[in-house]
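Trainee: Residue 331 in our numbering sits at position 246 of the sequence shown; the count goes up by one each step and never skips.
Even glycine gets a Cβ: it sits at the ideal position worked out from N, Cα and C.
Below are the C-alpha cells for one structure; questions will follow.
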Amino acid sequence: MATLSDYLKLHFIVFLWGFTAIAAKLMTIPAVEMVLYRTLLAAIGMAIVIIIARGTFRVTPADAIRLLLTGLIVGIHWLTFFGSGQVSNPSTSLVGFATCSLWAALLEPLFKRKKIHALEFGLGVLVMGGLALITSFQFNYHLGLFLGIFSGLTAAIFTLINARLVTRVPSFTITFYEMIGAFVCVVLFLPYYQENLAANQTLQLTPTFTDWLLIALLALACSVYAYTVMINLTRKLSVFFLQLTLNLEPVYGILMALIIFGQQEVMGWNFYAGTLIILSAVLLYPTLKARMYPFPQS
C-alpha cells in the first residue's frame, strides 16, 4: 500500500526530471559533451546499483544487441533534448518534450499492430494545434522546439521498446546496457559534431566544477536514483497514476525556469496558450482513455 512518503518521492522525481532542462542551460559546456559525461557516469552508477542489489549483467547476445541499439535511441533523445534547451530555453525544450505521451499513444498501436483510435487521433490534432499557436508569431526558437519535439518522439520509441524488453530482462540491466549504448552513440557522433557543429571545431571536454556538479546530479540523481525509486513505486502505485503524475514534468520545469531565469524566460501569450493546450491534451489522455476504453483493446 502506498504511503505519503511514496507520493512525495514520486513528485520529487518529477521535480528532478523537470530540472534537467534547466541544468543544461546552466552549464558552460555544450550539450554533446555534457551528454557524453552523463551517460558514462550513469552507466557506472547503474553498474554499482546492480552489484549492490545483487542483480545480473547477463543477457542473451540477441538482447544485448537490442539493448545497445535502444541505447543509441536514448543517446539521440538526450542530445536533442539538452540541445533544445541550449539553443532556445528550458521552457521551449520542455514543451516539445511534453509531446512524448501523445507520440507514445500514436505509436503504440503500430508497435502492437492495432488500429489508432479516435481518441489518440483527436488529441494528436489538438497538440498540433497547440504547437501551431506557439509558432504563429513572436516566437524565435523554432529549432529548439523542433529538437524538443524530436526528443519527445525518441523518448516514446525507446519507452515502447523497453515495455517489451522488461518482460524478459531486469529493469536495472536494461538501463545499464542502454546507458552504454547512449554513451557509444555520443562517441560515434563526436567526429561529425567536432567537424561541423562545434565552436571553432573544438570539443570542450573540460567541465568547470559547477558543470561536474550538474553532470553528477543528472547522472546519479536524475538517472540512477530516480530510476531506482521509480521501479519500487511501480509496485505500490497504479500505472495510470504514475503516468498522470509524470505528465506534470513540463509544468514543474517551466515554473522553475521562470523562477530561476526570470525575465529572459518570459514568452509571448501565444506560447503559454499553446502550452496550455498541449499540457491539457497530455493530462486528459490517460483519464479519457480509462473512461472510453476501460477494457484492453484488440
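Determine the DSSP secondary structure at G160, reduced to helix, strand or coil.
Mentor: helix
Trainee: Starting from S186 and walking both ways along the alpha helix (DSSP H), at which residues does that stretch end?
Mentor: 185-196
Trainee: Give the DSSP-derived three-state secondary structure of S383 in the structure shown.
Mentor: Confidence is the limiting factor: at S383 the pLDDT is only 46, short of 50, which leaves the residue's position unreliable, though a coordinate-based value still follows. Coil, per DSSP.
Trainee: Evaluate contact between the region 95-106 and the region 169-186, counting only Cβ atoms and requiring at least three cross-stretch pairs below 8 Å.
Mentor: Contact between the region 95-106 and the region 169-186 is present, because at least three Cβ pairs lie under 8 Å.
Trainee: Leaving aside the five residues before and after Y226 along the sequence, list all residues of the same chain whose C-beta is less than 6 Å from its C-beta, in chain order.
Mentor: S173, T177
Trainee: For V251, which three-state DSSP category applies?
Mentor: coil
Trainee: Is it buried or exposed for H96, if we count other Cβ within 10 angstroms and need 16 for buried?
Mentor: exposed
Trainee: CB-CB under 7 Å to L303, same chain, minus the five flanking residues each way: which ones, in chain order?
Mentor: The residues are T105, A108, R123.
Trainee: Using 8 Å as the cut-off, can you tell me whether the region 122-142 makes contact with the region 348-356, which would need three or more C-beta pairs spanning the two stretches below that distance?
Mentor: Result no; under three Cβ-Cβ pairs closer than 8 Å.
Trainee: Considering only C-alpha positions, which residue in the set T239, F235, V309 is nearest to V159?
Mentor: T239
Trainee: Can you list, in chain order, the residues of its chain with a C-beta nearer than 7 Å to that of L331? Leave out the 5 residues immediately preceding and following it.
Mentor: V99
Trainee: Does the distance from the CB of P146 to the CB of Q289 come in under 8 Å?
Mentor: In this structure, P146 lies away from Q289, with their beta-carbon atoms at least 8 Å apart.
Trainee: In this structure, how does DSSP classify V144 when only helix, strand and coil are distinguished?
Mentor: coil
Trainee: What is the DSSP secondary structure of L232, counted as helix, strand or coil?
Mentor: L232 falls in the helix class under three-state DSSP.
Trainee: Kindly give me the distance between the Cβ atoms of G156 and M264, rounded to whole angstroms, as I take these residues to be in contact under 8 Å.
Mentor: With a beta-carbon spacing of about 7 Å, G156 and M264 fall inside the 8 Å limit used to define contacts.
Trainee: Figure out for me which residue from L93, I150, T372 has the closest Cα to the Cα of A267.
Mentor: I150
Trainee: Can you tell me the Cβ-Cβ gap for V254 and V144, rounded? I've got them flagged as a contact below 8 Å.
Mentor: 6 Å
Trainee: Just checking my contact of V117 with Y278 at CB under 8 Å: how many whole Å lie between their CB atoms?
Mentor: 5 Å
Trainee: What does the Cβ neighbour count give for K197, buried or exposed, with the cut at 16 atoms within 10 Å?
Mentor: exposed
Trainee: At the level of alpha carbons, what is the spacing between L204 and V367?
Mentor: A direct Cα-Cα distance of roughly 12 Å separates L204 from V367.
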